[in-house]
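S.K.: Before anything else, here's the structure in question.
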Amino acid sequence: MIVFIDGEYVKEEDAKVSVNDRAYVFADGAYEGFRVYNEKIFKYEEHKIRFQRSLDELRIDHVINNEIQDIYEELKKVNNYENVECFYYMHITRGQSPRAHAFPSKKSKVGIYAFLMPKALNIRNYEEGISVCTVPDNRWARCDIKCISLIANCLASQIAVENDCAEALFVHDGVITEGTKTNVCFVKNNEVYTHAKTNRILAGVTRNSLLELCVKNGITVHEFPLTLDKLKDMDEAFLTGTTEELTPIITIDGKKVGSGEVGSLTKKLQKIFKEEVNRYSY
Ligand SMILES: Cc1ncc(COP(=O)(O)O)c(C=O)c1O
């Protein structure tokens with residue numbers, strides 16, 4: 000696979016970064032993950048706005064111009080990924096400087112890394128639903144920034160794997176916030192409940208699109224702090240995310256959600272979301 004690193008397109012195994020890149024010593028950077036359908040970056044503008052916001056919040060002095068599109072086009076060409084459903088990743092770091100916590104006094108050039116890889120939806124999870132577990136939300140208080148420092152998410156994701164689960168849901172002060180790489184929605188009486196857009200969650204592009212689609216389709220949405228003890232009352236649950244789209248959850252911590260089957264509103268929303276993907280990409 001050919002990747003992009005700091006201005007060059009090179010084989011993945013030849014892509015090197017300096018030990019002084021602040022991403023390496025401090026995880027000092029922001030990232031985005033995009034989905035490519037039919038060779039188009041889904042919700043490009045929304046991702047670009049979120050990426051710029053993450054950089055601004057981290058005070059990384061860089062204005063994103065056309066690099067997301069330009070690097071994508073080149074990676075598609077050099078890797079021969081025409082007509083392949085892909086995941087596209089890009090991160091931007093504060094650049095290189097000898098290790099010291101505060102920002103370098105002289106502005107350094109940002110580091111940019113990007114790759115494009117074939118990735119299709121996990122159809123089995125999408126159709127049959129998944130099991131998830133809950134874990135304490137011990138992340139920092141700026142989960143709204145898409146920062147490359149993801150160790151708390153990695154630890155939680157590993158707990159999910161060790162419990163034969165496809166995802167872990169974070170719980171902060173008794174409230175379910177989101178997954179390690181997804182947002183989470185619940186359904187009660189055909190109405191959708193999800194955590195509000197605060198510093199405790201990443202404002203998912205998929206989440207936001209879905210909530211807009213709910214409103215357009217007359218489905219009531221509550222951006223509401225759902226506590227763990229309320230889970231037993233929920234009829235349905237699903238994850239939203241760039242690579243998951245809407246993936247149904249059928250058990251949480253070993254207990255069935257509703258009947259333990261993929262819910263009817265979840266199926267309806269999967270269809271509505273697919274229509275949006277098709278409208279946007281084809
Ligand atoms: C912590 C977290 N929450 C939610 C999401 C879902 O966001 P999106 O729908 O933009 O992929 C992600 C995606 O990477 C994430 O890392």
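Numbers 0 to 281, taken from numbering that gives the first Met the number 0, label the letters of the sequence shown in order. We put the CB at the ideal spot given by N, CA and C, even for glycine. Bear in mind that the values here come from a model prediction, so they are computed numbers and not experimental data.
1) Is residue 197 near ligand 1, judged by its Cβ being under 6 Å from some heavy atom?
2) State yes or no: is the C-beta of residue 280 within less than 7 Å of the C-beta of residue 37?
3) Does ligand 1 have a heavy atom nearer than 6 Å to the CB of residue 54?
4) Consider the C-beta atom of residue 177 and the heavy atoms of ligand 1; say whether any pair is separated by less than 6 Å.
5) On the DSSP letters alone, give me the boundaries of the beta strand (DSSP E) that residue 245 sits inside.
6) Return the Cβ separation of residue 257 and residue 247 in integer angstroms, given the expectation that the two are a contact with Cβ distance under 8 Å.
7) Ordered along the chain, which non-local residues of its own chain (more than five positions away) have a Cβ less than 7 Å from that of residue 230?
8) Which parts of the segment 104-185 are runs of the beta strand (DSSP E), unbroken and 3 residues or longer, counting only runs that do not cross its ends?
9) Note down, in chain order, each residue of its chain lying with its Cβ closer than 7 Å to the Cβ of residue 232, except the 5 sequence neighbours on either side.
10) By a C-beta neighbour count over all protein chains shown, 10 Å radius and 16 as the cutoff for buried, is residue 184 buried or exposed?
11) I want to check one thing, is the minimum distance from the CB of residue 220 to the heavy atoms of ligand 1 below 6 Å?
12) Assuming residue 110 contacts residue 16 (C-beta within less than 8 Å), just tell me the rounded distance between them.
13) Which class does residue 2 belong to by DSSP, given the choice of helix, strand or coil?
14) Determine whether the beta carbon atoms of residue 54 and residue 29 lie at a separation below 7 Å.
15) Whole angstroms is fine: what's the gap from residue 267's alpha carbon to residue 75's?
16) Can you tell me which of 47, 228 and 139 puts its alpha carbon nearest to the alpha carbon of residue 197?
M.R.: Once the coordinates are examined:
1) The sequence position of residue 197 within the sequence shown is 198, counting from 1. Incorrect: residue 197 has no Cβ contact closer than 6 Å to ligand 1.
2) Start at 1 with the first residue of the sequence shown, and residue 280 comes out as number 281. Start at 1 with the first residue of the sequence shown, and residue 37 comes out as number 38. Their beta carbons are under 7 Å apart, which means residue 280 touches residue 37 by this criterion.
3) Along the sequence shown, one-based indexing puts residue 54 at 55. No, the Cβ of residue 54 stays beyond 6 Å of every heavy atom of ligand 1.
4) By one-based count along the sequence shown, residue 177 stands at place 178. Result yes, Cβ under 6 Å from ligand 1.
5) As a working mapping, residue 245 is identified with position 246 in the sequence shown. It spans 244-251 - the beta strand (DSSP E) in which residue 245 sits, taken as one unbroken run.
6) Along the sequence shown, read from residue 1 onward, the residue named residue 257 stands at position 258. Along the sequence shown, read from residue 1 onward, the residue named residue 247 stands at position 248. Incorrect: roughly 10 Å between the Cβ atoms, too far for contact.
7) Here residue 230 is taken as the residue at index 231 of the sequence shown, counted from 1. If we look at residue 230 and ignore the five residues flanking it on each side, its Cβ neighbours are 251.
8) 110-117, 129-135, 166-171 and 174-178
9) As a position in the sequence shown, residue 232 is number 233, starting the count at 1. Result list for residue 232: 187, in chain order.
10) What you label residue 184 is simply residue 185 of the sequence shown in a count that begins at 1. It is buried - the Cβ of residue 184 has at least 16 other Cβ atoms within 10 Å.
11) Within the sequence shown, numbered from 1, the residue matching residue 220 stands at position 221. Not under cutoff, so the answer is no.
12) As a first step, residue 110 must be located in the sequence shown, where it is residue number 111. As a first step, residue 16 must be located in the sequence shown, where it is residue number 17. The pair is a contact, with the Cβ atoms about 6 Å apart (cut-off 8 Å).
13) Within the sequence shown, residue 2 is the residue found at index 3, counting from 1. It is a strand residue.
14) The residue labelled residue 54 in the question sits at position 55 within the sequence shown. The residue labelled residue 29 in the question sits at position 30 within the sequence shown. Yes, the Cβ-Cβ distance between residue 54 and residue 29 is below 7 Å.
15) The residue you call residue 267 lines up with position 268 of the sequence shown. The residue you call residue 75 lines up with position 76 of the sequence shown. Approximately 33 Å, taken between the alpha carbons.
16) Counting from one through the sequence shown, the residue named residue 197 turns up at place 198. Closest option to residue 197, Cα to Cα, is 139.
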